[in-house]
Structures are given as structure tokens and as C-alpha cells.
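Below: one structure, written as C-alpha cells.
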Amino acid sequence: MHPTLPLAPASSLAPRLSDLALLLVAVVWGTSYGVAKGALVFYPVLGFLAVRFLLTFALLLPTLLRAPAPERRDALAAGLPLGALMLGIFLCETFGLALTQASNAAFLISLCVVFTPFAEWWLLRQRPGRAMFVFAAVSLLGAALLSGGYSGQWGWGDALMLAAAVLRAITVCQTTRLTRRRHAPVLALTAVQAGVVGLGSLLLALALPGKLPPLPSLTDDSAFWLACIYLVLGCTVFAFVVQNWALRHSTPTRVGLLMGSEPAFGALFAVFWLGEQLSPTAWLGGALIVGAALWTMARRSTSPA
Numbered sequence: 003m004h005p006t007l008p009l010a011p012a013s014s015l016a017p018r019l020s021d022l023a024l025l026l027v028a029v030v031w032g033t034s035y036g037v038a039k040g041a042l043v044f045y046p047v048l049g050f051l052a053v054r055f056l057l058t059f060a061l062l063l064p065t066l067l068r069a070p071a072p073e074r075r076d077a078l079a080a081g082l083p084l085g086a087l088m089l090g091i092f093l094c095e096t097f098g099l100a101l102t103q104a105s106n107a108a109f110l111i112s113l114c115v116v117f118t119p120f121a122e123w124w125l126l127r128q129r130p131g132r133a134m135f136v137f138a139a140v141s142l143l144g145a146a147l148l149s150g151g152y153s154g155q156w157g158w159g160d161a162l163m164l165a166a167a168v169l170r171a172i173t174v175c176q177t178t179r180l181t182r183r184r185h186a187p188v189l190a191l192t193a194v195q196a197g198v199v200g201l202g203s204l205l206l207a208l209a210l211p212g213k214l215p216p217l218p219s220l221t222d223d224s225a226f227w228l229a230c231i232y233l234v235l236g237c238t239v240f241a242f243v244v245q246n247w248a249l250r251h252s253t254p255t256r257v258g259l260l261m262g263s264e265p266a267f268g269a270l271f272a273v274f275w276l277g278e279q280l281s282p283t284a285w286l287g288g289a290l291i292v293g294a295a296l297w298t299m300a301r302r303s304t305s306p307a
């Protein structure tokens, strides 16, 4: 058995705030697909990832440099492997989306909701409560209805999206495991993670055939930079910081379920902002996903699991 840090008592505001903050992260991440899609009109995928995460790293670097030496070492010790996992997730998602249908990608990435309880059981030796498995199944059913389920032949894109779902589940659990005995400030930890993803994306972009084009102009291509600012501040800094903080007041399975509501909010963003249409079945799927997340929040008691 791995030792665990004591979690905040149920009467504390921190656990409730962590639930609400994670739900807000899911809302923000749900908007990221449309925003990123617009930015990719101006710049290649790997170059865009490098810009996004290196900007995040530059923004948060002062927090890492100002941290006391022991905390800085802890941030590096936890952030480097976690950053490598995050890099793997973004690469699998990016190339997976390019090689499979959008509906297949949405359904397969939602499997992380199901994988997370088992990853927590395997990596942390903590068996989630039976209710968490029920919530995960309801959320997965909602994802299947929302995306239309899996269709077509199995290909490399599908395998990459499945790998991304597995890596998401492992990353949530590894964040708990690698930070439970360390005193890494949340902002410093996020800086290290962003640096690994940004540098890794840049090196891979430079290693592949062809060269990166010049960066979009600040004046003529302002839409690209506005998208980058939103993604850096909302979908990277805010989202990473909240996830790293929330895992100190919750369990990986609960975090995975709450953040697993992302597809539902992404669909709502597509309807109200991008003008897309949803079928009645898709609306039902979205309702099930959000319902499972709210159900999870409502059942928080003396134990976050």
C-alpha cells in the first residue's frame, strides 16, 4: 500500500471548490477545440503546440525561479515525467484526430473516464467506490450517444486516440503519486510541465521533414495570437493549475469524471458559437455526461471517493 496524504475534511470548502473548479475546466476545455481549429489555419500543428506551451512556460517561469531550492527540485522531479506524459497525450490526440473520424475520436478519448478508476486501483492501490464505476459507465454511455459511438474500421488514428485516453488516466494518477510526498508549488509544477510539452513539440517539429514557417504576423494574423492568448491563459495555465491543485483535495477517479464532462460542453460550444446542429440523441448523451458529473459532486461525503 502506498501511503497517502490526509485529504481535506468534508466540511472544508476546498473539496467543494475543487469540484466546481474542475467542472469549469471542463467547460473551458470544451471551447478549446473550436479555438484551436481556428488557430491551426495560420500555423502547423506542432509549431502551434510549441508556441502555446512555450508561451505558458515563459509566463510561469518566474514562479519556478523564485521558488525555494527544495520546492524547485520537487517541481522538477514531478514536472518532468508529468510533462512527458502530457506531451504524449497531445501528440496522440493531434495525430489521432488527423487520421480518424471526429466521432470516433470523441468517443475513444472519452474512454479515459472508464480507464481512470482502474488506473487508480493499479497505480495507487486505491479501489474507488462502486458508485464511481457507475458514474463512469453513465458518462461513457453519454459520450457514445453524443458522438454516435464508434464506426468504421480500426486504424492508426483510432489506436492513437485510445492511447491518449490511457495516457490521460495514467497522468491523473501519476500526478497524485508524484506530488503526494513533495512540496512543489502548483504554478512551478505547471511551468515545468508546460516547458516539457513546448520544447518537445518544437524539437519534433524541427526534426520532421520541412521547416516551420515564420510565425504569423501580430497585425495581419491577430486572430492567431488572440487564440493563443485564450488557450495559454484559460486552457493551459488555468486548467493545469486547477487540475494539479484539485488532486490534493480529491481522487483521480473523481477528477477524471468531472473533467470527463468536457465533450458535452464542447458540443454546447459548437452549437451556440459555431452554429452546429445536434440530434436529440446527442442532446441526451450530453445530458447524461453532465448529469454524471453533477451526481459525482452531489455524492461527496467524508471521503472524496
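Sequence positions in the sequence shown follow our numbering and run 3 to 307. Quick reminder that beta carbons are idealized off the backbone N, C-alpha and C, glycines included.
Could you spell out the range, first to last residue, of the alpha helix (DSSP H) harbouring residue i?
| i | result |
| --- | --- |
| residue 310 | Any question about residue 310 goes unanswered here, given that the chain covers just 3 to 307. |
| residue 237 | Taken as a continuous stretch (DSSP letters only), residue 237 belongs to no alpha helix (DSSP H), as it is neither H nor E. |
| residue 281 | Counting along the chain, residue 281 falls outside any alpha helix (DSSP H), and DSSP gives it neither H nor E. |
| residue 162 | 158 to 181 |
| residue 127 | Looking at the DSSP string, residue 127 is not in any alpha helix (DSSP H), and its letter there is neither H nor E. |
| residue 85 | 71 to 101 |
| residue 195 | 188 to 209 |
| residue 64 | 47 to 68 |
| residue 274 | 264 to 274 |
| residue 253 | First-last for residue 253: undefined, no H or E at that position. |
Do you know whose CA, among the options, lies nearest residue i's CA?
| i | options | result |
| --- | --- | --- |
| residue 238 | 51, 265 and 80 | 51 |
| residue 26 | 241, 265, 272 and 281 | 241 |
| residue 205 | 31, 48, 279 and 44 | 48 |
| residue 187 | 280, 126 and 71 | 71 |
| residue 263 | 197, 171, 288 and 127 | 288 |
| residue 74 | 190, 235, 197 and 283 | 190 |
| residue 211 | 37, 296 and 46 | 46 |
| residue 196 | 34, 88, 32 and 20 | 88 |
| residue 22 | 285, 290, 251 and 283 | 251 |
| residue 233 | 61, 213 and 16 | 61 |
| residue 286 | 24, 32, 39 and 145 | 145 |
| residue 172 | 100, 132, 115 and 292 | 115 |
| residue 59 | 201, 227 and 274 | 201 |
| residue 246 | 184, 291 and 36 | 184 |
| residue 54 | 297, 203, 279 and 249 | 203 |
| residue 326 | 142, 117 and 141 | One cannot answer for residue 326 here, as it falls past the ends of the chain, which runs 3 to 307. |
| residue 69 | 35, 141, 133 and 194 | 194 |
| residue 93 | 57, 170 and 215 | 170 |
| residue 293 | 139, 91 and 37 | 139 |
| residue 38 | 215, 160, 225 and 76 | 225 |
| residue 113 | 67, 143, 297 and 217 | 143 |
| residue 134 | 18, 253, 35 and 76 | 253 |
| residue 141 | 166, 24, 284 and 291 | 291 |
| residue 321 | 216, 168 and 127 | For the chain, the structure presents residues 3 to 307; residue 321 sits outside this window and is missing. |
| residue 44 | 64, 18 and 228 | 228 |
| residue 277 | 16, 24 and 36 | 36 |
| residue 282 | 296, 150, 300 and 299 | 150 |
| residue 56 | 128, 20, 296 and 199 | 199 |
Compute the beta-carbon to beta-carbon distance between residue i and residue j, rounded to the nearest angstrom, for a pair I have assumed lies under 8 Å.
| i | j | result |
| --- | --- | --- |
| residue 41 | residue 230 | 7 Å |
| residue 181 | residue 243 | Contact flag wrong, Cβ pair sits at about 13 Å. |
| residue 102 | residue 157 | 6 Å |
| residue 97 | residue 164 | Contact doesn't hold; Cβ gap of about 13 Å is too wide. |
| residue 207 | residue 159 | 20 Å between Cβ atoms; not a contact. |
| residue 209 | residue 95 | About 20 Å separates the two Cβ atoms, so there is no contact after all. |
| residue 248 | residue 147 | With 8 Å as the limit, residue 248 and residue 147 do not qualify as a contact, their Cβ atoms being about 27 Å apart. |
| residue 77 | residue 66 | 6 Å |
Taking 8 Å as the CB-CB limit, is residue i close to chain C?
| i | result |
| --- | --- |
| residue 108 | No chain C appears in the structure shown, which is made up of a single protein chain. |
If we count Cβ pairs, one from each stretch, closer than 8 Å, do we get three or more for the segment 249 to 267 versus the segment 116 to 128? Yes: at least three Cβ pairs fall under 8 Å.
Meets three-Cβ-pair contact criterion under 8 Å: the segment 264 to 283 and the segment 16 to 31: yes
Give a yes or no on contact between the segment 173 to 180 and the segment 70 to 86, applying the rule of three or more CB pairs nearer than 8 Å. yes
Are the segment 69 to 81 and the segment 207 to 227 touching by the rule of at least three beta carbon pairs closer than 8 Å? no
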